[in-house]
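*Asks:* The structure's right below; bear with me while I get my questions together.
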Amino acid sequence: MSSTVDAPGDRVRSGGGVQAPPPLRPRRRGIGWAQRLEIVALSGPAILMFVGFVIFPVVMAAYYGFYRWKGFGRPTDFVGLDNYVTILQDTAFQEALWHNGLIVVLSLVFQGPIAIVLALLLNQKLRGQSLIRVLIFVPYVIAEVIVGTAWALLLQTEGAVNGVLRSVGLGWLAEDWLANPSLAIWTLMLILTWKYIGFAVILFLAGMQNIPEELSEAAAVDGASYWQIQRRITVPLLGPTIRIWAFLSIIGALQLFDLVYIIWGQYVSSTAGTSTMATYMVTEGRNAGNYGYGNAVAVVLFAISMFIALVYQRFVLRRDTEGALTEGG
Amino acid sequence: MATTTRSRGNPIVYVATMMLIGLMLGPVIYIIIGGFRTNSQITTDPAGLPDPWVAANYTDVLSGETFWRQVGNSTIAAVATTIGVVVLGVMASYVLARYRFRGRGAMYALFAAGLMFPATVAITPLYILIRDLGLVNTLPGVILPQIAFGLPTTIIILVPFLRAIPKEIEEAAAIDRCSRLGFFWRMVLPLSVPGLITVGILAFIGSWNSYLLPLFILNDQDTFTLPLGVQAFSSQYSVDTAKVLAFTSLSMIPALVFFSLFERRIVGGLTGAVKG
């Protein structure tokens, strides 16, 4: 990660660190004590908070994961890798992992193309353009709890969706959208697409703003049709934005929890075929009172996310990290 | 705009756009309008319009103590989180953007890595940490981790923003014997207000909508934030669909208002961070 997330062009000058070795190059205006103090005073609180509440818990999860522990007192019942063996052998976890994988792939396959088409649509000069952009972003801003509660009501067997279908004579399409195991994961995908498509569209629109207009104008002069211009110029030049979006989408899909837990609850999600690693973690860990086990699941989830993130950074994001997740180039 | 050669009135584009907006807003409108119906109306025709319109669901929720207590809790958590994230974030971002020192790259990488991991992976050990600190069932138990997890996004957005402040201004300030801290206080902060608003709104909405962390930390009804409240309400009154709809639509108002007020800044901030 350090090779890609590292600040580009970060030339380290001597004398700034706490244990700076003797300067090899002659000092320019050396960083004095006052400045060191400023650095510590300004960045110290943020680093303390971040290490204390983000890094430290993750490290502790690795420690707790080796114990059978109900969460009271200090963990004493060291079980080595037992928790991890149990996790990997548990069919419930394997199913959850499979669902996560499915959601990752389907999110990319569905949301990516739809969002590109929508962004192209909205990139045209339309009356009320800015209002449309706001409205399309609304589902993204609404809390997962509200989205979940609303869709759960809409999609009940006697809910509004089936009601509309029946009233327009499509009653045979009415389904048990949430409980039917062969359907539920698709229902979930539909809701996820609805909730998160606006984010993708806004990102893509912003990416399109950065594409110089001269390019498509020149192509138009040369007789290229609208679709040719989009396919040959706009979409390829949108590449970096698409790759960043895909990264955020993958990470989000791997850690999906809120919507599933709210709509399907802690027990139904596994029978409906929508459980995820995160819902498995909460159900088997905290809700069951097995904190050692829950922490081990967290470590597995962390390791899988980390692995995928690193592979993606290494092979996909590498060429355009500058100006992307790095320092804005 | 009238002079553009681009298809200004392509009807297909408008129809498609209208359908899109309908799809995006349909469920939201359903919640709001559904709150004006009675349960029997909803049962007989789940997809109909209110006939007659009933305001009782909304007035019931608004006159109840539960809703306002949860609004209060959510507000406290969101405001405190926002202040914490913005203050700590701008200080650290200033260091990353304007100081050169050994370890700066590592510090940046540390925060950037945090971007990859939302609170989900750390929630179980985080709960234990908060419990050991004695902060379970208190709002600080939610606020402190939210500040920490909000820092990566904030810093990623603010660093390029602060770096963009021209060096000449800093040099001019130095000539006028303004120290770096003085420069930070008198020049950087005022100049970066737009960026601070962006990250502030993101932190506010993030906290307002946050579910997993409060779910773990807050078990006492009195400390519930709105998302927990919505869920508790919808399971408690599961037969009273209309009231659930009213409660739900009222609880999404603040985030929507904030968003529509600052939409430009949010979208601008996001695209600044994820520049294509």
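Protein chains in written order, with this note's numbering: chain A, 1 to 329; chain B, 1 to 276. Glycine included, C-beta positions come from ideal geometry on N, C-alpha and C.
1) Name the DSSP beta bridge partners of F149/B, please?
2) Using the Cβ count rule (16 or more neighbours within 10 Å means buried), how would you classify D77/A?
3) Excluding sequence positions up to five away, which residues of its chain have a Cβ less than 7 Å from the Cβ of L237/A?
4) Residues in its own chain within less than 8 Å of A219/B by CB, not counting five upstream and five downstream?
5) Between Y67/A and chain B, is there a C-beta pair that is closer than 8 Å?
6) Output the distance between the C-alpha atoms of T43/B and E158/A, rounded to the nearest integer angstrom.
7) How close, in whole Å, do the beta carbons of V13/B and Q228/A come, if the pair is a contact with beta carbons under 8 Å?
8) Who does D77/A pair with in a DSSP beta bridge?
9) Round the Cβ separation of Q231/B and V145/A to the nearest angstrom and send it over; I've been treating them as touching at under 8 Å.
10) If you compare alpha carbons, which of M49/A, A119/A, A150/A and L108/A is closest to W264/A?
11) What does the Cβ neighbour count give for R28/A, buried or exposed, with the cut at 16 atoms within 10 Å?
12) Please state the DSSP three-state secondary structure of D176/B.
13) Once DSSP output is grouped into helix, strand and coil, what is the label at R37/B?
14) Using a C-beta cutoff of 8 Å, does T187/A count as contacting chain E?
15) Using a Cβ-Cβ cutoff of 7 Å, what residues of the region 80-104 of chain B are near chain A? List them in chain order.
16) Just the C-alpha distance for G114/B and I55/A, rounded to the nearest angstrom, thanks.
17) Any Cβ of chain B within less than 8 Å of the Cβ of F331/A?
18) Please look up how many angstroms separate the CB atoms of I147/B and G195/B, rounded, as I've assumed it's under 8 Å.
19) So, helix, strand or coil for A143/A, using DSSP?
20) Using a threshold of 8 Å, state whether the C-beta atoms of A242/B and G35/B are closer than that.
21) Counting only beta-carbon atoms, is N295/A nearer than 8 Å to chain B?
22) Under 8 Å, do V104/A and I250/A count as touching if we go by C-beta distance?
23) Name, please, each residue of chain A whose Cβ falls closer than 7 Å to the Cβ of A248/B.
24) Assign S275/A to one of three DSSP states: helix, strand, or coil.
25) Looking at C-alpha atoms only, which residue of S275/A, K70/A, R314/A and V282/A is the closest neighbour of W98/A?
26) Between which two residues does the alpha helix (DSSP H) holding L96/A run?
27) Going by beta carbon distance, what residues of the same chain come within less than 8 Å of G89/B, once the five residues before and after it are set aside?
28) 8 Å is my cut-off, CB to CB: does S260/B come that close to chain A?
29) Counting only C-beta atoms, is E158/A closer than 8 Å to chain B at any point?
30) Helix, strand or coil: which one does DSSP assign to W151/A?
31) The ligand ATP and I263/A: does any heavy atom of the ligand fall closer than 7 Å to the residue's C-beta?
32) Examine chain A for any beta-carbon lying closer than 8 Å to the beta-carbon of P190/B, and answer yes or no.
33) Can you find the residues in the same chain that come closer than 7 Å, C-beta to C-beta, to L173/A, ignoring five residues on each side of it along the sequence?
34) Looking at chain B, which residues of the region 270-293 of chain A have a Cβ within less than 8 Å of any of its Cβ atoms?
35) Could you check if T91/A is buried or exposed, using at least 16 other CB atoms within 10 Å of its CB as the buried criterion?
36) Apply the 10 Å Cβ neighbour rule to E38/A and answer buried if 16 or more other Cβ atoms are within range, or exposed otherwise.
*Replies:* Considering the structure as presented:
1) None; F149/B has no bridge partner.
2) It is exposed - the Cβ of D77/A has fewer than 16 other Cβ atoms within 10 Å.
3) Closer than 7 Å at Cβ, skipping near neighbours: I211.
4) Sequence check: residue 219/B is Asn here, not Ala. Only V136 and N137 meet the Cβ criterion.
5) Not closer than 8 Å to any Cβ of chain B, the Cβ of Y67/A fails to qualify, so no.
6) If I take the Cα positions, the gap works out to 8 Å.
7) Not a contact, Cβ separation roughly 18 Å.
8) According to DSSP, which records beta bridges pairwise, D77/A is partnered with R68/A.
9) Under the criterion of beta carbons closer than 8 Å, Q231/B and V145/A qualify as touching, at roughly 6 Å.
10) Nearest of M49/A, A119/A, A150/A and L108/A to W264/A, Cα basis: A150/A.
11) Confidence at R28/A is low in this model, with a pLDDT of 48, below 50, so the placement of that residue is unreliable and no value is reported for it.
12) D176/B carries a coil assignment under DSSP once its states are collapsed to helix, strand and coil.
13) In the three-state scheme derived from DSSP, where H, G and I count as helix and E and B as strand, R37/B is classed as coil.
14) Looking for chain E here will not work: the only protein chains present are A and B.
15) Taking a C-beta cut-off of 7 Å against chain A, the contacting residues of the region 80-104 of chain B are L88, G89, M91, A92, Y94, V95, Y99, R100, F101, R102, G103 and R104, listed in chain order.
16) One C-alpha to the other measures close to 9 Å.
17) A query on residue 331/A cannot be resolved here, the shown segment of chain A reaching from 1 to 329 and no further.
18) Not really, about 18 Å apart at Cβ, beyond 8 Å.
19) A143/A falls in the coil class under three-state DSSP.
20) The answer is yes: Cβ separation under 8 Å.
21) With its beta carbon less than 8 Å from one in chain B, N295/A belongs to the interface.
22) By the CB criterion at 8 Å, V104/A and I250/A fall inside the cutoff.
23) Just to set this straight, residue 248/B is Thr in the shown sequence, not Ala. What T248/B touches in chain A: I146, T149 and A150.
24) DSSP places S275/A in the coil class of the three-state scheme, outside both helix and strand.
25) The shortest Cα separation from W98/A among S275/A, K70/A, R314/A and V282/A belongs to S275/A.
26) Per the sequence shown, the amino acid found at residue 96/A is Ala instead of Leu. Start and end: T91 to L122.
27) The answer, listed in chain order, is G150, L151, T154, I155, L158 and V199.
28) Yes, S260/B lies at the interface with chain A (some Cβ there is under 8 Å from its Cβ).
29) Yes, its Cβ sits closer than 8 Å to a Cβ of chain B.
30) In this structure, W151/A counts as helix in the three-state DSSP scheme.
31) As far as ligands go, the structure on display features none, and thus does not contain the ligand ATP.
32) Look at P190/B: its C-beta is not under 8 Å from any C-beta on chain A.
33) Taken in chain order, the residues that qualify are L165.
34) Cβ contacts with chain B come from A278, M281, V282, G285, R286 and Y291.
35) Burial call: exposed.
36) So E38/A counts as buried.
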